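Below you'll find the structure, written out as structure tokens, and then a few comments.
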Amino acid sequence: MESLVRRTLEQAQRVGSLRALALCHHALGAVLQLAGRWPESVRALNESISLCQQFGGTFGEVLGAQRLAQIETAVGLYEPAYRRLAAALEKARASDSPMVKAHSLGRIYASLSLNRYEAGVLTEATRYLARGFATQRVVGECAGCDVLLYPAAVPIYIAHGDLELAEESCRKAEETAGAFASRSWLATARYLVGLLALARGLSQAAADHFEEAASLFEAVGQPYEQARCLEGLAQARGRATDRTEAARELVERAAAIYLSLGAPVRAEKARSILSGGAGKGQGKTRK
């Protein structure tokens with residue numbers, strides 16, 4: 139995929155179209171983001187945003203900001219990411235473009251809800267999640283938006299103890315993944331089902347789901363998501379007293395991946411799992 143995007147970028151450079159260049163840089167940033175090559179992704183996304191600002195491409199500008207905020211949230215820069223998303227939300231709301239209204243607000247709300255959840259501010263996370271679903275009801279279901287919304291919804295509902303809503307979001311995530319035959323989206327759905335099984339105390343079922351998701355993410359080359367699955371697997375394994383050492387090894391594997399990605403905050407959270415700490419952003423929440 140990267141080679142295809144780079145070839146298209148070269149063609150856009152020869153033509154000299156700002157819009158085409160912005161689109162290609164954004165696509166490259168997205169591919170590099172998933173691959174865990176975050177410094178390169180940040181450069182590509184910033185270039186895309188800069189180009190969009192030159193010709194008034196609000197849609198590309200706000201989506202670029204949303205992706206940058208995802209990376210910042212992943213490495214633990216919660217407040218800078220939050221400010222970036224808030225600014226993107228304001229710009230999107232002010233736009234009169236139907237495309238911006240229909241396909242950026244939902245993504246921004248989903249990213250805001252997950253950012254606040256990871257930062258431990260459950261009340262705000264819940265508020266932004268509700269706005270995300272309200273937007274979905276207005277504009278309709280959109281795979282590109284929903285694939286961000288459901289992964290935010292499941293852990294937030296679990297944090298509230300509402301496992302029925304969490305189960306519904308898992309089901310919708312599986313439907314979205316199945317409709318588009320995406321291995322990455324299927325892995326995300328498996329991970330979410332694992333979270334739900336873990337919340338229900340079904341450790342073996344949770345472990346099976348996390349293991350499947352981790353293998354899928356490894357196969358498609360998404361190290362950050364793979365590490366999250368290893369965290370979940372460690373939690374599931376750690377509930378069996380005879381599997382503590384295995385759980386510890388899984389935690390260290392996840393932490394090593396996070397460190398390689400430049401996310402020491404995530405590594406610290408992972409290592410806190412077996413010592414009774416938070417882990418995966420699911421620790422103490424501020425109301």
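Counting with my numbering, you get residues 139 to 425 for the letters of the sequence shown.
For every residue, glycine included, the Cβ atom is placed at its ideal position computed from N, Cα and C.
Just so you know, these numbers come straight off a predicted model, no measurement behind them.
Closest by CA to His164, which one among Arg144, Gly174, Val153, Arg152?
For the residues Arg144, Gly174, Val153, Arg152, the minimum Cα distance to His164 belongs to Arg144.
What three-state label does DSSP hand Val99 in the structure shown?
With the chain running from 139 to 425 in the structure shown, residue 99 is simply not present.
Smallest Cα separation from Leu336: which of Arg375, Ser322, Glu306, Ala315?
Arg375
State the Cα-Cα distance for the pair Ser96 and His241, rounded to the nearest angstrom.
Since the first residue shown for the chain is 139 and the last is 425, residue 96 is missing from the structure and cannot be characterised.
For Ser398 and Arg175, what's the separation of their Cα atoms in angstroms?
10 Å
Note down, one range per segment and in chain order, each alpha helix (DSSP H) of at least 4 residues found wholly within the segment 151 to 195.
156 to 172, 176 to 193
Would DSSP call Arg137 helix, strand or coil?
No answer is possible for residue 137: it lies beyond the span of the chain, which begins at 139 and ends at 425.
What does the alpha-carbon distance come out to for the pair Ala372 and Ala248?
26 Å
On the three-pair Cβ rule with 8 Å, is the segment 305 to 316 touching the segment 259 to 278?
no
If you run the structure through DSSP and keep just helix, strand and coil, what is Gly278?
coil
Would you please state the rounded distance, in angstroms, between the beta carbons of Arg157 and Gly195? I believe it to be under 8 Å.
7 Å
Is the beta carbon of Glu140 sitting closer than 9 Å to the one on Leu159?
Against a cut-off of 9 Å, the Cβ pair of Leu159 and Glu140 comes out as no contact.
Report, in whole angstroms, the separation of the C-beta atoms of Ala401 and Val389, which I expect to be a contact under 8 Å.
In fact, because the Cβ distance is near 14 Å, the residues do not count as touching under 8 Å.
Straight-line CA distance for Val259 to Ala226?
20 Å
In whole angstroms, what is the alpha-carbon distance linking Lys422 and Ile209?
Because Lys422 sits at a pLDDT of 49, beneath the cut-off of 50, its placement in the model cannot be relied upon, and the following sentence gives the value as read from the coordinates. Spanning the two alpha carbons is a distance of roughly 22 Å.
Measuring CA to CA, which of Val358, Ala345, Gly278 is closest to Arg377?
Ala345
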